[in-house]
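Right, one structure below, let's go through it.
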Amino acid sequence: MAAQLSNPVTEMRLGVDELRGYLQSRLAGMSSSEADVLRLVIDDPRFAAEATTAELAKRAGVSPPTVVRAARAAGFDGFADLKLGLAYARGSARFFTPPRTLDSSSTPAEVVVMVMDGGRRSLSAAEGILDPAAIDDAAERISASSRVIVVGAGTSAAVALDIAFRLTTVGIAAMNISDHMSALVGARLLGEGDVVLAFSATGRTPHTLSVCDAATSSGASLVAVTNQAQSPLALLADVSLAVGGDDLDDQMAAASSRLAHLAVADAIVSLVALRSPDRVRTAERAGTDLP
5 MAAQLSNPVT EMRLGVDELR GYLQSRLAGM SSSEADVLRL VIDDPRFAAE
55 ATTAELAKRA GVSPPTVVRA ARAAGFDGFA DLKLGLAYAR GSARFFTPPR
105 TLDSSSTPAE VVVMVMDGGR RSLSAAEGIL DPAAIDDAAE RISASSRVIV
155 VGAGTSAAVA LDIAFRLTTV GIAAMNISDH MSALVGARLL GEGDVVLAFS
205 ATGRTPHTLS VCDAATSSGA SLVAVTNQAQ SPLALLADVS LAVGGDDLDD
255 QMAAASSRLA HLAVADAIVS LVALRSPDRV RTAERAGTDL P
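Residue numbers for the sequence shown follow the working numbering, so the first one is 5 and each next one is one higher.
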């Protein structure tokens, strides 16, 4: 696959955490062997920055051409270009620190530090790879929409509920439908000028995908917020906002992703509000007598 950027790190001025998020966001669209290469780069970037193509291939258990293909699939011109990106990131901040793991012996202080550190990494990664023009496009579609349905399942459900409420406070007719069958029917009733805003860390949640597919089939626009730029949800979307993020396990991954998704939601709501101050004032008046 031809590279679309001469070097994503230097072009986008990615630092350490941003590069980690960028590489994570590219995994979903790769073959398993290419993904193995990229995970090795993420897990041991110091080795990757100093290794030859043959050395990296041997450790990853793949062929040297696969290393080159993986680098190109990640948006680089080749493995040498990826190494240049690693060197740039290494010079811009402290080098990669592997995420720490918690176990039954972890102290409360260690738990707090890891949770906070995971959140910082997630937000930093999102800031580094998000396209402001894409966020502006998402805000424009939502601002001009007739109806907005916000969807998310599992840990993304809370994010969907939050932004649906916040969009109504700036004058957008938004709703979050938690029941899957009701959401499907609602999506099928949408049309041109309507928007579905979907949140999914993996971009592969079956319930979320089915609602989004129904909405796009009916002519609605789809704005997707996900960790993976090449996930099914991202590829289905009219506007894809990939936030990347650390490849942490279970609850830690869910918490970190949720923070990044909420930050993106905040940016969208802010842009929508700035587009129409009069509509915001009308919404504020509608809520003045609420308890």
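Glycine is no exception: its CB is placed at the ideal position from the N, C-alpha and C atoms.
For the 8 angstroms CB-CB criterion, A267 and V174 do not form a contact. Of the candidates L278, I272, T159, the residue whose Cα lies closest to the Cα of V227 is I272. With respect to the 8 angstroms criterion, A269 and S222 are not classified as neighbours on the basis of their beta carbons. Secondary structure of T111 (DSSP, three-state): coil.
As computed with DSSP, I153 is found in a beta bridge with M179, V200.
For a cut-off of 8 angstroms, the C-beta gap from G158 to T230 is around 13 angstroms, too long to register as a contact. CA-to-CA, the gap between A137 and T220 works out to about 22 angstroms. With a 10 Å radius around the Cβ and a threshold of 16 neighbouring Cβ atoms, D47 comes out exposed.
The beta carbons of L194 and V200 sit closer together than 8 angstroms.
Uninterrupted alpha helix (DSSP H) stretches at least 4 residues long and entirely within the region 213-287 occur at 236-240, 254-279, given in chain order. Around the Cβ of A148, a 10 Å sphere holds fewer than 16 other Cβ atoms; the residue is exposed. Non-local beta-carbon contacts of E196 in its own chain, meaning distances under 8 angstroms to residues more than five positions away in sequence, involve G223, A224 in chain order. Here D141 carries a helix assignment [DSSP, helix/strand/coil]. As summarised for the region 55-93, the continuous alpha helix (DSSP H) elements at least 4 residues long and confined to that stretch are 57-64, 68-77, given in chain order. Around the beta carbon of L278, fewer than 16 other beta carbons lie within 10 angstroms, which makes this residue exposed. Note that the C-beta distance between R43 and A233 is not below 8 angstroms. Contact between G248 and G25 holds, since their C-beta atoms are separated by about 3 angstroms, short of 8 angstroms. If you compare the alpha carbons of V117, H184, F169 with that of A178, the shortest gap goes to F169. When DSSP states are grouped into helix, strand and coil, R50 belongs to the helix group.
Counting along the chain, T172 sits inside the alpha helix (DSSP H) bounded by residues 160-173. A distance of 8 angstroms or more separates the beta carbons of L127 and A238. Annotated as proximal: F83 and T57, with beta-carbon spacing under 8 angstroms.
Residue state for D121 is assigned as helix, using DSSP reduced to three classes. D40 carries a helical assignment under DSSP once its states are collapsed to helix, strand and coil. Spatial neighbours of A75 in its own chain (CB-CB distance under 6 angstroms, excluding positions within 5 residues in sequence) are listed in chain order as G82, F83, L86. V152 is positioned such that its CB atom lies no closer than 8 angstroms to that of I181.
Of the candidates L245, R63, V71, G156, G156 places its Cα closest to the Cα of V215. Between L165 and S186, the alpha-carbon positions lie close to 15 angstroms from each other. Per the coordinates, the alpha-carbon of A32 lies some 10 angstroms from the alpha-carbon of E38.
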